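Asker:
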Amino acid sequence: MIRLTDVHVRLGQREVLRGVTATLTERRVGVVGANGSGKSTLARLLNGLVLPSSGGVTVFGLDTRRHAARIRRGVGFLFTDPDAQIVMPTVAEDVAFSLRRKGLPREETERRVRETLERYGLAEHADHPAHHLSGGQKQLLALCSVLVLEPEILVMDEPTTLLDLRHSRQVAGVLRSLPQQVVVVTHDLPLLEDFDRVLVVDQGRIVADADPATAIGHYRKMMA
Amino acid sequence: MKGLTGAYVPGGSPLHRLPAGVKLAGLAVCCTALLLLRPPAALAVAAVVVAALYAVSGVGVTAAWAQVRPVRWFALALFGVQLVVADLSGAVSSTLRVVLAIALAGLVTLTTRTADLMAFLERCLAPARFAGLDPYRLSLLLSLTLRSVPVVAELATRVREAQRARGVERSPRAFAVPLVVGALRHADALGEALAARGLDD
Ligand SMILES: Nc1ncnc2c1ncn2[C@@H]1O[C@H](COP(=O)(O)OP(=O)(O)OP(=O)(O)O)[C@@H](O)[C@H]1O
Ligand SMILES: [Mg+2]
Numbered sequence: 001m002i003r004l005t006d007v008h009v010r011l012g013q014r015e016v017l018r019g020v021t022a023t024l025t026e027r028r029v030g031v032v033g034a035n036g037s038g039k040s041t042l043a044r045l046l047n048g049l050v051l052p053s054s055g056g057v058t059v060f061g062l063d064t065r066r067h068a069a070r071i072r073r074g075v076g077f078l079f080t081d082p083d084a085q086i087v088m089p090t091v092a093e094d095v096a097f098s099l100r101r102k103g104l105p106r107e108e109t110e111r112r113v114r115e116t117l118e119r120y121g122l123a124e125h126a127d128h129p130a131h132h133l134s135g136g137q138k139q140l141l142a143l144c145s146v147l148v149l150e151p152e153i154l155v156m157d158e159p160t161t162l163l164d165l166r167h168s169r170q171v172a173g174v175l176r177s178l179p180q181q182v183v184v185v186t187h188d189l190p191l192l193e194d195f196d197r198v199l200v201v202d203q204g205r206i207v208a209d210a211d212p213a214t215a216i217g218h219y220r221k222m223m224a
Numbered sequence: 001m002k003g004l005t006g007a008y009v010p011g012g013s014p015l016h017r018l019p020a021g022v023k024l025a026g027l028a029v030c031c032t033a034l035l036l037l038r039p040p041a042a043l044a045v046a047a048v049v050v051a052a053l054y055a056v057s058g059v060g061v062t063a064a065w066a067q068v069r070p071v072r073w074f075a076l077a078l079f080g081v082q083l084v085v086a087d088l089s090g091a092v093s094s095t096l097r098v099v100l101a102i103a104l105a106g107l108v109t110l111t112t113r114t115a116d117l118m119a120f121l122e123r124c125l126a127p128a129r130f131a132g133l134d135p136y137r138l139s140l141l142l143s144l145t146l147r148s149v150p151v152v153a154e155l156a157t158r159v160r161e162a163q164r165a166r167g168v169e170r171s172p173r174a175f176a177v178p179l180v181v182g183a184l185r186h187a188d189a190l191g192e193a194l195a196a197r198g199l200d201d
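Heads up: the sequence lines are chains A and B, in that order. Every letter in the first sequence is one number past the one before it in UniProt numbering, and letter 62, counting from 1, is 62. Every letter in the second sequence is one number past the one before it in UniProt numbering, and letter 59, counting from 1, is 59.
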């Protein structure tokens, strides 16, 4: 469970978030809003990559200020640009990198890596250099590297922005099948259709918070 | 560049099965030997040996060519210069020496997973612990470097294309500024991603 209490975030001279309060318990939560409205900042708050200037964020009942490491272990984060989060030269190595602190025997690590790659259709690329993958495959690899750790919560910042229709459908399908809580920031409105809850962010505040149809309707009117 | 960027070709050849440390030591010995070999005939034998090693590894001709391709112009220039300052046999042997050394180094990267190279490096760097350095972090630095080479290369291509589209092809500044900015931004994002993946826990 994620709880934000009157969160303000100041970056440089700008007050990027201005009093955000919300409790997120639903399994599928979407976040929409104009460019620069503060969505990515909101997402980064959830695993302690950004800390509130005032107010507080708790995840699993722990404060992100004091327990960032513990929280990051339970909150997987997927960035927009897969090139930034793939840190190892080859596909299998990048997934294995996630498991390095588990202290698993080598065969067990290899087995989990293989299973995860198989599930997302990357098994045949296991030993290929990451830069030989297409953009969509790179995003799937980034997702594999997050999911292999079986996080309790998954936060995604525009996971489908760089993907073509087929790959964004694939990611949407994966999203639907995941058992964990998922918070997705996106401009891809159809992706949110069957979500449980959608937040609309505008100028650092939550201006609508409802079911997808209502919230997206509000967002469309706001942008018109 | 490909040789640098984890162009591992999976396989079960004896070369693949050799431990990374043995291969690296072998590479060092062979390169020294190449430097010491004088007569062109001996170098010709060395060339045959290298070709045989490639055949044993079963990585294929394309992968082999990809190792030496990046230095083909350099090799040609070296040959030309040597031809002027020395003689034909001197030019042949010094060019062959360089190309063979590069081919051998390429063979090591083709048959060794980066993870194995890293593990070996980590063991070698273990004494660094006494100097207060973390061997894991040092070998991670190496992996990040290997990973960043293609990312920055791709960035350079994109910048060049953008400049060309705007018709400022020949300005070094118009090339360098966005490249440096882009590389710094990548470094920032990489740091954030490492934090998100729990490096600092
Ligand atoms: N490090 C920073 N220093 C100062 N201002 C920043 C910093 N990072 C972000 N901002 C500003 O904060 C605002 C919100 O940024 P954020 O990235 O959260 O927006 P966003 O809703 O994700 O936008 P987009 O849809 O374009 O991704 C923007 O106006 C941005 O310029
Ligand atoms: Mg954003």
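Beta carbons are placed, not taken as given, at the ideal position from N, Cα and C, and that holds for glycine. Nothing here was measured: the structure is a model prediction, and the numbers come from that model.
Can you tell me which residues form a DSSP beta bridge with R72(B)?
Answerer: R72(B) pairs with nothing; no bridge assigned.
Asker: Assign E158(A) to buried or exposed, taking buried as 16 or more other Cβ atoms, counted over all protein chains shown, within 10 Å of its Cβ.
Answerer: Classification of E158(A): buried, given that the 10 Å Cβ count is 16 or more.
Asker: Would you kindly work out how many angstroms separate the C-alpha atoms of H128(A) and G36(A), rounded to a whole number?
Answerer: Distance between the alpha carbons of H128(A) and G36(A) is about 36 Å.
Asker: Taking 6 Å as the limit, tell me which residues put their C-beta closer than that to any heavy atom of ligand 1, in chain order.
Answerer: My final list is L11(A), G12(A), R14(A), V16(A), G33(A), N35(A), G36(A), S37(A), G38(A), K39(A), S40(A), T41(A).
Asker: At 4 residues or longer, what runs of the alpha helix (DSSP H) sit wholly inside the stretch 47 to 119 of chain B?
Answerer: Taking only runs of at least 4 residues, the alpha helix (DSSP H) segments lying wholly in the stretch 47 to 119 of chain B are 61 to 68, 72 to 85, 88 to 111.
Asker: Look at L78(A) and A142(A) and say whether their C-beta atoms are less than 7 Å apart.
Answerer: Yes, Cβ-Cβ distance for L78(A) and A142(A) is below 7 Å.
Asker: Which two residues bound the contiguous alpha helix (DSSP H) that contains R137(B)?
Answerer: 135 to 165 is the extent of the alpha helix (DSSP H) around R137(B).
Asker: Do we get a CB-CB distance below 7 Å when we pair V87(A) with the residues of chain B?
Answerer: So yes, V87(A) belongs to the interface.
Asker: With distances taken between CB atoms, is the gap from S57(B) to T111(B) smaller than 7 Å?
Answerer: Cβ atoms of S57(B) and T111(B): closer than 7 Å.
Asker: Measuring straight from C-alpha to C-alpha, what distance separates V91(A) and V113(A)?
Answerer: Taking the straight line joining both Cα atoms gives about 10 Å.
Asker: Please report the Cβ distance between V175(A) and V182(A), rounded to the nearest whole angstrom; I am assuming they are in contact, meaning their Cβ atoms lie under 8 Å.
Answerer: At residue 175(A) the sequence reads Leu, which differs from the Val that was named. Right, their Cβ atoms sit about 6 Å apart.
Asker: Note down, in chain order, all residues in the stretch 8 to 25 of chain B with a beta-carbon under 7 Å from any beta-carbon belonging to chain D.
Answerer: Going by chain labels, chain D is absent from the structure shown, which instead holds the protein chains A and B.
Asker: Measure the alpha-carbon distance for I71(A) versus V108(B) and round it to whole angstroms.
Answerer: Using only the alpha carbons, I get a separation of about 41 Å.
Asker: Shortest alpha-carbon distance to S148(B) belongs to which of V9(A), I86(A), G55(A), L122(A)?
Answerer: Per the Cα distances, I86(A).
Asker: If you follow the beta strand (DSSP E) that A208(A) is part of, which residue opens it and which one closes it?
Answerer: It spans 205 to 210 - the beta strand (DSSP E) in which A208(A) sits, taken as one unbroken run.
Asker: Answer yes or no: do T64(A) and G48(A) have a C-beta to C-beta separation smaller than 7 Å?
Answerer: Yes, the pair counts as a contact, with Cβ atoms nearer than the cut-off.
Asker: Identify which residue in V152(B), C30(B), T62(B), R197(B) has its Cα closest to the Cα of V181(B).
Answerer: Considering only alpha carbons, the answer is V152(B).
Asker: In chain order, what residues of the same chain have a beta carbon less than 8 Å from the beta carbon of I153(A), not counting five sequence neighbours either side?
Answerer: If we look at I153(A) and ignore the five residues flanking it on each side, its Cβ neighbours are I2, L46, V59, G74, V75, G76, Q180, Q181, V182, V183.
Asker: Within the 7 Å Cβ cut-off, does S57(B) reach chain A?
Answerer: No - not a single Cβ of chain A is within 7 Å of the one on S57(B).
Asker: Checking contacts by CB at 7 Å: is H67(A) closer than that to chain B?
Answerer: Cβ-Cβ to chain B under 7 Å: no for H67(A).
Asker: I believe A22(A) touches L11(A) by the beta-carbon criterion, under 8 Å. Please report the beta-carbon distance rounded to the nearest angstrom.
Answerer: Contact flag wrong, Cβ pair sits at about 20 Å.
Asker: Taking the continuous beta strand (DSSP E) assigned at R14(A), which residues delimit it?
Answerer: Unbroken beta strand (DSSP E) run through R14(A): 14 to 24.
Asker: Taking DSSP's pairing of strands, which residues face Q181(A) in a bridge?
Answerer: According to DSSP, Q181(A) bridges with I153(A).
Asker: Roughly how many angstroms lie between the CA atoms of residue 227(A) and R38(B), to the nearest whole one?
Answerer: Here chain A comprises residues numbered 1 to 224, so residue 227(A) is not present and cannot be evaluated.
Asker: Kindly indicate the opening and closing residues of the alpha helix (DSSP H) around R72(A).
Answerer: It spans 68 to 74 - the alpha helix (DSSP H) in which R72(A) sits, taken as one unbroken run.
Asker: In terms of residues, what are the limits of the alpha helix (DSSP H) holding D94(A)?
Answerer: Segment 91 to 99, the alpha helix (DSSP H) holding D94(A).
Asker: List the residues of chain A that A189(B) touches, going by C-beta distances under 9 Å, in chain order.
Answerer: Ordered by position in chain A, the residues that pass the 9 Å Cβ test against A189(B) are F79, D81, D83, A84, Q85.
Asker: Starting from V7(A), trace the beta strand (DSSP E) both ways and give me its first and last residue.
Answerer: Residues 2 to 11.
Asker: What three-state label does DSSP hand R27(A) in the structure shown?
Answerer: Looking at R27(A) - three-state DSSP - the assignment turns out to be coil, as it is neither helix nor strand.
Asker: Check L163(A) in the structure and name its three-state DSSP category.
Answerer: Correct three-state label for L163(A): coil.
Asker: Beta strand (DSSP E) containing T58(A): first to last residue?
Answerer: 54 to 59 is the span of the beta strand (DSSP E), which, as asked, contains T58(A).
Asker: Got a sec? Which residues, its chain only, sit under 7 Å from D164(A) by beta carbon, not counting five neighbours each side?
Answerer: Answer for D164(A): G136, listed in chain order.
Asker: Determine the contact status of P40(B) and S94(B), defining contact as a CB-CB distance below 7 Å.
Answerer: No. Outside cutoff.
Asker: Applying the 10 Å Cβ sphere with the 16-neighbour rule, what's the burial state of E107(A)?
Answerer: Exposed, since its Cβ has fewer than 16 Cβ neighbours within 10 Å.
Asker: Under DSSP, the alpha helix (DSSP H) around V201(A) begins and ends at which residues?
Answerer: Careful: V201(A) lies outside any alpha helix (DSSP H), inside the beta strand (DSSP E) at 197 to 202.
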